[in-house]
Structure formats: structure tokens, C-alpha cells
Amino acid sequence: MQSAISVRNVSKTYEEGAGNVPALQGIDLDVVPGEVILLMGPSGSGKTTLLSIMGCILRASSGSVRVAGIETADLSEKELPAVRLQHIGFIFQGFNLFPTLTVGENVELALDLKSVRGSKAKQEARGLLDVVELGQKYDTFPSDLSGGQKQRVAVARALAGSPSVILADEPTAALDGRTGRTVMQTMHNLAHKHGRAVVVVTHDSRVLEFGDRIVHMEDGRIVPGHEESPIPKIPPHAVLPAAISAVYEAQVEQL
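Numbering (my numbering), first residue to last: 1249 to 1503.
Here it is, written out as C-alpha cells:
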């Protein structure tokens, strides 16, 4: 099976004053369709930097990053957005919602970029907001939402158009336990039922049961011997509601 994302000997160095600061050193990682990877480690270990490089937001200082078989190091800055648009959905730690757009319009914008517009976009946006239990906030502006509600809108926006890869930076950090489980069950279902590849940066011990692999990082490196830690699976009763599954089944059929 071809990796959705393949990282080989990737390093990232930042210039700081008169010297260089290494953020990543010699990273090797494969992300395959149908699995959830949890990136874990202390703050400053390089988790978010690695996530950003896999998502073509940052460029590696050296090494190879392939997304859907495409070597991104060979692409120009003008070519990278097309790879992100087609293959990757992002969930950012800081929400990154447009404050002048309503909740529904924020989700519709992601669909518009993928050529889904008009009444079809509104219908899909409403369905995705129902998934995160915010359908009633469709016409609300981000300034009138709580932090947890903003994160749930960000999740719905990332899932617009059923991208092949979901990259999430602390997606449950601002959510209560019940909502966090709903979000992770949704991403777990995308991976296991629809073959999406999901990578989650997290410190949240509540999400461990939803991962297939834990990748531990420290000081910009993957800790040897901890790349594939076995973790408990989701119990049989922890399944998605039928309404949530229906939204994604409808989107997948359109791909």
C-alpha cells in the first residue's frame, strides 16, 4: 500500500541570531491510509513542526516529503497549495476561523475552494456542522462562540470535501470529554471506514484509545523503539451515530 505521506531523513533548522537552532533531526515516518497516528511528546519536541511540514505549510531544511506520491521538495511555492487543497484537511490549535464570516460561511469557504458551491455547499456545510453538534450555529459569527465551539467549527471545515489526509494539532484541547470523543470518533471513522490517513498532535490522554500508533518525539527526534506503541482499541459500543456516518458516506461517494 502506498503511503499517504512518506517522510525520509527530514530535518528543519531555524536561524536564530548568529546561530542555527535544530527543530527536527533525521525524521523518518510513513502515514498510510486507514490509520490514526498520534504524535506525542513534551512541548518543544517538534511535533507541530513535523505536522506543518507534512502538510506543506513549512518546508523541510533537508530530506524528502512525499504526499500521495508527490515529492513536495520539487514543487514551487505556487504549486504547493494545489497539493494541500486536494489531499489535506487541517485542524489548527488556534482555530484560524475568519471572524467576518459566519460559522456556515467558514465551512462553505473550504467547500468553495474545492468547487462545491451554492445550495450543495450549504447542504454539506450544515451536515458537517451537525456532525460536531453546531448545526444551530450556522448563522453565528465566531466572536459569539466559546473556544470549544470554535474548535468544533474548525473540525467541520477541515473535513469539508473528504480530504485523503487529516492533520490535527491538539484538536480536543479546548473540548469537553463528550465532545472530544465525538470529534475523535469522527476522525477514527474516516480512517477505518473510508481509508483516510489521520495524524493528531496531542497531549490529551483521553484520545489514546482512538489511535493505531503512537509516535513519541523528543528534542526534534522520534524516540527509538516507541514508533509503534500498541494501545487499546475503541470498545465495540463506541461507534458513530448513523447521522454522522451518512454525511461522510455521501461525501465519499462523490470522490
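Don't be surprised by glycine CBs; every beta carbon is placed ideally from N, CA and C.
- Restricting attention to Ala1406, Asn1268 and Leu1438, the CA atom closest to the CA of Val1355 is found in Ala1406.
- Look at the beta carbons and you see the stretch 1250-1258 not touching the stretch 1425-1440: under three pairs across the two are nearer than 8 Å.
- Residue burial annotation: Glu1325 is exposed, with fewer than 16 other C-beta atoms found within 10 angstroms of its C-beta.
- Counting C-beta pairs closer than 8 Å gives fewer than three between the stretch 1338-1350 and the stretch 1360-1374, which falls short of the contact rule.
- One Cα belongs to Arg1256, the other to Gly1311, and the distance between them is close to 6 Å.
- A straight line joining the alpha-carbon of Arg1444 with that of Val1413 spans about 6 Å.
- Boundaries of the beta strand (DSSP E) around Met1288: Val1284 to Met1288.
- Between Thr1296 and Leu1272, the C-beta spacing is not below 8 Å.
- Counted as a single uninterrupted DSSP element, the stretch harbouring Gly1311 is not any alpha helix (DSSP H) but the beta strand (DSSP E) occupying residues Ser1310 to Val1315.
- Taking a C-beta distance under 8 Å as the contact criterion, Val1284 and Phe1458 qualify as a contact pair.
- Every beta strand (DSSP E) of 3 residues or more that sits fully in the stretch 1421-1475 is shown, in chain order, as 1445-1449 and 1461-1466.
- DSSP, reduced to helix, strand and coil, places Arg1256 within a strand of the structure shown.
- Across the structure, Ala1321 and Gln1384 are spaced so that their CA atoms are roughly 43 Å apart.
- Membership of Val1413 in the beta strand (DSSP E) is indicated by the continuous run Val1413 to Asp1417.
- About 6 Å separates the Cβ atoms of Arg1374 and Tyr1386, confirming a contact at the 8 Å cut-off.
- Here Val1279 carries a strand assignment [DSSP, helix/strand/coil].
- Rounded to the nearest angstrom, the gap between the Cα atoms of Leu1277 and Ile1305 is 17 Å.
- Within the stretch 1352-1394, the runs of alpha helix (DSSP H) that reach at least 4 residues and sit entirely inside it are, in chain order, 1366-1379.
- Cβ-Cβ separation between Leu1382 and Gln1397: approximately 6 Å, consistent with a contact (criterion under 8 Å).
- Ser1453 and Ile1301 have their C-alpha atoms spaced approximately 25 Å apart.
- For Ile1301, the enclosing alpha helix (DSSP H) has its first and last residue at Lys1295 to Met1302.
- Under DSSP, Leu1272 forms a beta bridge with Lys1260.
- In this structure, Gly1303 is the residue among Gly1303, Ala1308 and Val1455 with its C-alpha nearest to the C-alpha of Ala1316.
- Burial check for Thr1420: the Cβ neighbour count within 10 Å reaches 16 or more, so the residue is buried.
- Rounded to the nearest whole angstrom, the CA to CA distance from Gly1425 to Gly1267 is 43 Å.
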